[in-house]
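The sequence shown lines up with residues 7 to 368 when you count with our numbering. C-beta atoms are modelled at their ideal positions from N, C-alpha and C, and glycine is treated no differently. The structure displayed is predicted, hence computed values, not measured ones.
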Amino acid sequence: MVMRTTTSARETALKVNLMDNIDGTEWTVVIAMLVHLLMAPGTKVEESFNVQATHDLIYHTYNISAYDHNDFPGVVPRTFAGPIYLALFGLPVRFVLYLTGSPKFWMLFAVRFVLGMSVVIAFLNFARAVRKHFGTETAMFLRIIVASQFHMLFYASRTLPNTFAFILVLTVFHRCLENRYESAVRWATAAVVLFRYINREKSAARRLLYYGCCLHIVANLLATAAFLYAGARNYPGGDAIAHLQWTQRVDANKPISVYIDNACAQTGVSRFMQLYDAWEYNKTETLTPEDMERFDFLMIGTYSGDLKQIVQANYSSHHRVMFAVPAFHRFNINLRCRRSPSFPYYYPEMVFKEKVAVLRKK
Numbered sequence: 007m008v009m010r011t012t013t014s015a016r017e018t019a020l021k022v023n024l025m026d027n028i029d030g031t032e033w034t035v036v037i038a039m040l041v042h043l044l045m046a047p048g049t050k051v052e053e054s055f056n057v058q059a060t061h062d063l064i065y066h067t068y069n070i071s072a073y074d075h076n077d078f079p080g081v082v083p084r085t086f087a088g089p090i091y092l093a094l095f096g097l098p099v100r101f102v103l104y105l106t107g108s109p110k111f112w113m114l115f116a117v118r119f120v121l122g123m124s125v126v127i128a129f130l131n132f133a134r135a136v137r138k139h140f141g142t143e144t145a146m147f148l149r150i151i152v153a154s155q156f157h158m159l160f161y162a163s164r165t166l167p168n169t170f171a172f173i174l175v176l177t178v179f180h181r182c183l184e185n186r187y188e189s190a191v192r193w194a195t196a197a198v199v200l201f202r203y204i205n206r207e208k209s210a211a212r213r214l215l216y217y218g219c220c221l222h223i224v225a226n227l228l229a230t231a232a233f234l235y236a237g238a239r240n241y242p243g244g245d246a247i248a249h250l251q252w253t254q255r256v257d258a259n260k261p262i263s264v265y266i267d268n269a270c271a272q273t274g275v276s277r278f279m280q281l282y283d284a285w286e287y288n289k290t291e292t293l294t295p296e297d298m299e300r301f302d303f304l305m306i307g308t309y310s311g312d313l314k315q316i317v318q319a320n321y322s323s324h325h326r327v328m329f330a331v332p333a334f335h336r337f338n339i340n341l342r343c344r345r346s347p348s349f350p351y352y353y354p355e356m357v358f359k360e361k362v363a364v365l366r367k368k
C-alpha cells in the first residue's frame, strides 16, 4: 500500500512538472507574437483594406461618408466581418486613449494585439488537443517550433484576410481532434510526432535525432531573428511619416499639408499613423509633380528605382530633401556573401537601400 502511494505521488509530481512545462511553452508563443508585433507595427498594402476599415469603424462608426474606402476604394469588394470583430474591442480602447490623451497610433497596437491573441488562443487550443492525442512532449515541441519560427507569428497580428480565416481553420482542427477525427491532422502533426521518439535511451541514432532537432530549433531562431529584423526595416513609409510628425510636432495644430505617394502608402502608412487632425494627408494617385507644388511636405518612395534621381528630376525645383529612409532591399547570398576572417568565413549580408524621401517645400 505504501509503495502504491509513493508511486502515485511520483506520477502526480511528474504530471505537475509537465503541466508547468506546457504553461511555459504557451507563454513562449504569446511573447513571441508580441515581439513580432512590437518590432514591426506598420502595415502594408495587402493589409490596407482591413486596417483602414477597422480605423473607420472605431473612429467614424456611423459616419460612413468619412470612411477611407469612399475616397480610395479598392478594386476588389471585401467583407467588413474581420474589421467589425476588431472594432468591437477597439471602441473601449478608444475611450481609454481619449482619457489619457494618447495618440491613436497606440490603437493600431491594440487591434493588432487582439487579432494576434485570437490566432494564438486558437493555436493553443489546437495544441492542447494535440496533447490529448499525441502526448505532452509532442504538444510542447509543437509550441516551441511555432514560437521559434518566423512566418506564423509574424503574420498572426496582421490584418490579412487569410489571418482571420486561419483562426477558423485552427478552430476546426481543434474540434476535429476533440471529436477524435485524428486523420484530419495526421499530416499536419507528422513532423512534431517525431519528437516522441526522444527518451532516455542513448543509442547513436536517437542521440543524432535529438541534436538534429535541437539544431533545427536553433536554426529557426537564427532565421527568425534575421527575417524579423528585415521585416521591421521593410516599412519605410511608416517610418517616414512617424519621423516627420515627430520632427514637426510643434506644428501639430497648424494646417500642414502632406502628400503621400503610392509607394509610401503601401509600405506602412495608414490612418492610424496620421496623428494630427489639423494636417492634410493626401494620397491621390493622379497628381503630377506640378500639382504637388502646393504641399508643405512630400513623401516620395520607390521600390527598386534610383530615389535620388527620381527626386532630382521631378521635385527639386520646388522642394528639397529633408531626410531619406533606408529600408531592407535584399539578402546577398552565394558568391556575393561577404567573407569574414574568422569562422564561419562566409555569411549572408543584408542590403539596405534608401526607398523613401521626405521633401520640404522651399
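Asked, Found
"Cutting at 7 Å between CB atoms, please list the residues of its own chain near residue 230, excluding the five before and the five after it.", "154, 155 and 156"
"Measuring CB atoms only, is the stretch 89 to 104 touching the stretch 138 to 149, in the sense that at least three cross pairs come out at less than 8 Å?", "no"
"Please go through the stretch 244 to 296 and give each complete beta strand (DSSP E) segment of 3 or more residues, from N-terminal end onward.", "263 to 266 and 286 to 288"
"Note down, one range per segment and in chain order, each beta strand (DSSP E) of at least 3 residues found wholly within the stretch 66 to 124.", "none"
"Apply the 10 Å Cβ neighbour rule to residue 270 and answer buried if 16 or more other Cβ atoms are within range, or exposed otherwise.", "buried"
"Rounded to whole angstroms, what is the Cα-Cα separation between residue 115 and residue 74?", "20 Å"
"If you draw a straight line from the alpha carbon of residue 180 to that of residue 129, how long is it in whole angstroms?", "8 Å"
"Taking buried to mean at least 16 other C-beta atoms within 10 Å of its own C-beta, is residue 361 buried or exposed?", "buried"
"Measure how close the beta-carbons of residue 177 and residue 121 come, nearest whole angstrom, since I'm counting them as under 8 Å.", "Between residue 121 and residue 177 the Cβ distance is about 15 Å, and since that is not below 8 Å, they are no contact."
"Does DSSP put residue 222 in a helix, a strand or coil?", "helix"
"Going by beta-carbon coordinates alone, are residue 49 and residue 92 separated by less than 8 Å?", "no"
"Taking the DSSP output, what are the residues bridged to residue 338?", "355"
"Would you mind working out which of 88, 282, 158 and 147 sits nearest residue 31, comparing C-alpha positions?", "147"
"Would you call the stretch 313 to 327 in contact with the stretch 281 to 291, where contact means no fewer than 3 C-beta pairs closer than 8 Å?", "no"
"Ends of the beta strand (DSSP E) at residue 304?", "303 to 307"
"Anyone know if the C-beta pair for residue 336 and residue 364 falls short of 8 Å?", "no"
"Would you mind reading off the limits of the alpha helix (DSSP H) that contains residue 168?", "167 to 184"
"According to DSSP, simplified to helix, strand and coil, what is residue 362?", "strand"
"Please state whether the Cβ-Cβ distance between residue 286 and residue 268 is less than 8 Å.", "no"
"Which one or two residues does DSSP pair with residue 367 in a beta bridge?", "325"
"Between the stretch 319 to 334 and the stretch 226 to 245, can you find at least three pairs of beta-carbon atoms closer than 8 Å?", "yes"
"Find the nearest neighbour of residue 89 within the set 105, 368 and 163, judged by alpha-carbon distance.", "163"
"Give a yes or no on whether the C-beta atoms belonging to residue 276 and residue 300 are separated by under 8 Å.", "no"
"Does the beta-carbon of residue 380 have 16 or more other beta-carbons within 10 angstroms, so that it is buried, or is it exposed?", "Residue 380 falls outside the range modelled here, since the chain spans only 7 to 368, and no answer is possible."
"Taking only the alpha-carbon atoms, compute the straight-line gap between residue 106 and residue 113 and give it to the nearest angstrom.", "13 Å"
"Looking only at C-alpha atoms, which of 109, 85, 63 and 52 sits nearest to residue 258?", "109"
"Between 94, 261, 167 and 338, which lies nearest to residue 236 when the distance is taken from Cα to Cα?", "338"
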